[in-house]
Amino acid sequence: MSASSASENQDRPQPYAFAGVSMRELLAAGEAAKAVSTPPREAPPVESRKAA
């Protein structure tokens, strides 16, 4: 292992960087997804399906 490879790991600006995405961006994306997602729809009652 060379000295340059050891220093490369310490020069990262974001300690939680993963694939170029910061932890702040991941949390913001999760909050945005929760804000726009819709709850699962309930299945209609069996009686209404038979009448249709």
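Residue numbers for the sequence shown follow our numbering, beginning at 9 and rising by one. Think of the CB as a built atom: it goes at the ideal place given N, C-alpha and C, for glycine as much as any other residue.
Alpha carbon of residue i to alpha carbon of residue j, nearest angstrom
{"i": "V29", "j": "V44", "result": "21 Å"}
{"i": "M31", "j": "G38", "result": "11 Å"}
{"i": "L34", "j": "P52", "result": "36 Å"}
{"i": "A27", "j": "T46", "result": "28 Å"}
{"i": "A36", "j": "V54", "result": "40 Å"}
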